[in-house]
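Chemist: Before I ask anything, here is the structure I am working with.
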Amino acid sequence: MSEYENVLQKIRPFGPYQIRTFILVSLFETPLAWAMLVPIFSAANPGYFCSSPVANKTSDSSLICNKNACQTIQFNQDFTSIVSEWHLICDSKYISELITSLQMVGVLIGALVTGQLADIFGRKKVLFIEYTLLIIFWFSTGFAPSWEIYAALRFVVGGLIGGCLVVNFVLPLEFVTPEWRTFCGCIGFWAVGLMTLAPWAYFLRNWRHLDIAMSATSITLLPLWWLIDESPRWLLSRGHLKEASDILIKAAKFNKSQVPDLSCLDQFVKRERIRKDEEKKYSYWHLCNSLTLTKGSLICMFGWFVSSSVYYGHNFNSKNLVGDRYINVFISGIVEIPALFFVLFSNNYFGRRKTVFCLMLSSGLACFSILIIALMGNLVTLSALTLTMAMIGKSCIAGAWAAVQIFSAETFPTVIRQVNISFFRNKRKIFPNIMF
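Numbering-wise (our numbering), the sequence shown opens with residue 595 and increments by one.
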């Protein structure tokens, strides 16, 4: 255990100060989930009808496009989206999916860049700067005059989401000792964001109003700048011993613990500098340096590939399930919560590998059962069973993904662990777009 972790133990490893910091930082996950998953509604096809002046009647053309026979397109008025506003149907149908893919590519690039920025300029500063820019660009999407400009804005929004998620994941972990990192890595407010996205979309049926309202509401988290402290671990790694000590003393007083002797942190600062020098010698190529590392990398890559593809597939297609689209999205958020708590329990009692195996197997069986129902032609008549299987599959894959992240972090040596996690966390952003 390092000197820094010894200090955390003395001031309480997960006391009121760490709990407060964890909750405040995790609150950002809710608007980040809104920004990431709002295309579920804003890019949805509301359905439309074609009017043929020759026959003087309407026909449902949501499945078959015939531009020669269809001169007037009438969209359903249940809600408006970018599809209905810019007529992204028939030959232009691919554009709505393309915009979502561009957003996810932005997430990939943003995560890659922000990891370096956060190491240089600090976790807190980068998080709040990128979050502020996210609000500005997200708010701007509500005024996009064309789908081309909207696509460009969603790309930037995706990059800022990716950056915020990286810092949001790391910052709370640097305030706690290793035994609490599993809890902080699993539990958060992402599912709450998915759940609350549904009522937002239900009451704001215009996609422009939806983007503007949610982005404007996200401003309420900016005052947290004065409540969230910079990571003491990062400050020590940059040699800012005085600032880190002040925060640790503040944490000890908040936890009503005795202020420990912080002179040992001088040695920690020296070791951090040595560790930084060692890490500079390692890159993505070192994941393939030996047969053992290569095998572990391929196994983890497959785990991230499966979990990310199935997870985002469930999210972006939850609106297509039988039943009310808003209720379906709301339920898909609820079912993630028990799965994450199950991972906390199962990891401790059954181990990481068994947890991942059981959750992925359960998710696969649930999804496969939907395919069987579809082949039997009973998706409508067995709608309740279909929805149940879909939610079981979503719940299990959400838990499996959390378990895969923990398993990946613990599989590799310390000096290449960050390289490994960075590699997989970024590859997961493009996997769903390859599949969907």
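Virtual Cβ for every residue (Gly too), placed ideally from N, Cα, C.
Keep in mind it's a predicted model, so treat the numbers as computed, not measured.
For the region 685 to 746, which segments carrying the alpha helix (DSSP H) assignment without a break, of at least 4 residues, lie completely within its bounds, in sequence order?
Modeler: Restricting attention to alpha helix (DSSP H) runs no shorter than 4 residues, the region 685 to 746 encloses them at 688 to 715, 717 to 735, ordered along the chain.
Chemist: Apart from the five residues just before and just after Leu767, which ones in its own chain have a Cβ nearer than 6 Å to its Cβ?
Modeler: Once the five neighbours on either side are set aside, the close Cβ partners of Leu767 are Arg775, Cys778.
Chemist: For a test of your reading of the model: does the CB of Ile683 fall under 8 Å from any non-hydrogen atom of the ligand ZN? Yes or no.
Modeler: Although the ligand ZN was asked about, the structure shown includes no ligands whatsoever.
Chemist: Mapping the DSSP letters down to three states, classify Asn800 as helix, strand or coil.
Modeler: strand
Chemist: Label Arg606 either buried or exposed according to how many other C-beta atoms from any shown protein chain fall within 10 Å of its C-beta, with 16 as the threshold for buried.
Modeler: buried
Chemist: Taking just the CA atoms, how far does Trp628 sit from Gly787?
Modeler: Approximately 6 Å between the Cα atoms of the pair.
Chemist: Between Val998 and Ser926, which are expected to be in contact by the criterion C-beta below 8 Å, what is the C-beta distance as a whole number of angstroms?
Modeler: Val998 to Ser926, Cβ: 19 Å. No contact.
Chemist: Which residues in the same chain have their Cβ closer than 6 Å to the Cβ of Phe669, if we skip the five residues on either side of it in sequence?
Modeler: Pro640, Tyr642, Ser678
Chemist: Would you mind listing the beta strand (DSSP E) stretches within the region 818 to 847 that are 3+ residues and don't spill past its ends, in chain order?
Modeler: none
Chemist: Can you confirm whether the region 603 to 623 touches the region 836 to 852 when touching is taken to mean that 3 or more C-beta pairs between the two stretches lie within less than 8 Å?
Modeler: yes
Chemist: Please report the distance separating the alpha-carbon of Ala792 from that of Gln852.
Modeler: 46 Å
Chemist: Does DSSP put Gln671 in a helix, a strand or coil?
Modeler: Coil.
Chemist: For Asp672, would you say it is in contact with chain C, using Cβ-to-Cβ distances shorter than 9 Å as the test?
Modeler: No chain C appears in this structure, which consists of one protein chain only.
Chemist: Taking 9 Å as the cut-off, decide whether the C-beta atoms of Leu626 and Ile822 are in contact.
Modeler: In this structure, Ile822 does not lie closer than 9 Å to Leu626 by Cβ.
Chemist: If you check the beta carbons only, do Leu816 and Ser839 fall under 9 Å apart?
Modeler: no
Chemist: Per DSSP, which one or two residues make a beta bridge with Tyr593?
Modeler: Given that the chain is displayed from residue 595 to residue 1030, the structure contains no residue 593 and the question cannot be resolved.
Chemist: Helix or strand or just coil, what does DSSP make of Thr652?
Modeler: Confidence is the limiting factor: at Thr652 the pLDDT is only 46, short of 50, which leaves the residue's position unreliable, though a coordinate-based value still follows. Strand, per DSSP.
Chemist: Between Phe722 and Trp819, which are expected to be in contact by the criterion C-beta below 8 Å, what is the C-beta distance as a whole number of angstroms?
Modeler: 5 Å
Chemist: Considering only the beta carbon of each residue, do Phe962 and Leu631 sit closer than 9 Å?
Modeler: no
Chemist: Can you tell me where the alpha helix (DSSP H) with Ala561 in it begins and where it stops?
Modeler: Because the chain spans 595 through 1030 in this model, residue 561 falls outside it and cannot be assessed.
Chemist: Compare the Cα-Cα distances from Asn800 to each of Leu621, Asn600, Ala637, Tyr598 and report the closest residue.
Modeler: Ala637
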